Amino acid sequence: MRRFSKRSGGPFARRTRYSVDARAVGRAVEVRAYAERIEFWQDGKIVGEHDRAFGRGKDIYDPLHYVPVLARKPGALRNGAPFKDWELPTAMRRVQRKLGRVPNGDRQMVEILSAILTDGLDAVDAACAEALSEGVHSSAVVLNILARRREPGPPLTIATPDALRLSCEPVADCRRYDSLRRPDHGKIAGAGRDGPAQALRDEGGV
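Right, dumping it as structure tokens:
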């Protein structure tokens, strides 16, 4: 049973049919009617919001509410009531016209429209514009552009302040390390042609 919260007017939702998110269909919603808008809530979230329409027998659609349905019935994009008056942004309209000329164009357009639910309308339109500028318009290209734009950019290069720069940068020299390991740069003092043993005998007075 649907609940209704009456605010600033009567229950106009009962006279006019408003769309809600397709995932909310079949479950009870709370309707909140205000002076200029009407909201539909379910599980603490808005599942539909429209400008308030006064009168009887009207059908008010938000095409985005029906995008999940298009995944099952892409043909509804051409003649479905929610999509007849859908004013898409310029680049998306151009892509839709071009896809309308290919056999699986409706399904490709549905894939592009579905991206609106995750990336937003402006981002999808910008991706369509970029694809058109490159002379292509397939859904694969548009979705690839969107995925690329979602990837994090390169890490920022932080400039080192002059005050922290070394005036004389150290140079790697392994010989300095060897000199610390063995006395007299790795040689035993006094070693002659007979080698270390002769030097040790000389030092011990042998």
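Residue 1153 in this note's numbering sits at position 154 of the sequence shown; the count goes up by one each step and never skips. By construction, the Cβ of each residue, glycine as well, lies at the ideal position given by its N, Cα and C atoms. Predicted, not measured: the structure shown is a model, and the values here were computed from it.
Note on geometry: alpha-carbon atoms of residue 1173 and residue 1130 lie some 55 Å from one another. Within the region 1031-1098, the runs of alpha helix (DSSP H) that reach at least 4 residues and sit entirely inside it are, in chain order, 1066-1069, 1075-1078, 1089-1098.
Using a C-beta cut-off of 8 Å, the region 1129-1143 makes contact with the region 1086-1096, since at least three inter-stretch Cβ pairs fall below that distance. By the 16-neighbour rule on beta-carbons within 10 angstroms, residue 1054 is exposed.
Of the other Cβ atoms in all chains shown, 16 or more fall within 10 Å of the Cβ of residue 1126; this residue is therefore buried. In the three-state scheme derived from DSSP, where H, G and I count as helix and E and B as strand, residue 1026 is classed as coil. Distances from the CA of residue 1077 to each of 1060, 1070, 1099, 1056 were compared; the closest alpha carbon is that of 1099. Burial check for residue 1024: the Cβ neighbour count within 10 Å stays below 16, so the residue is exposed.
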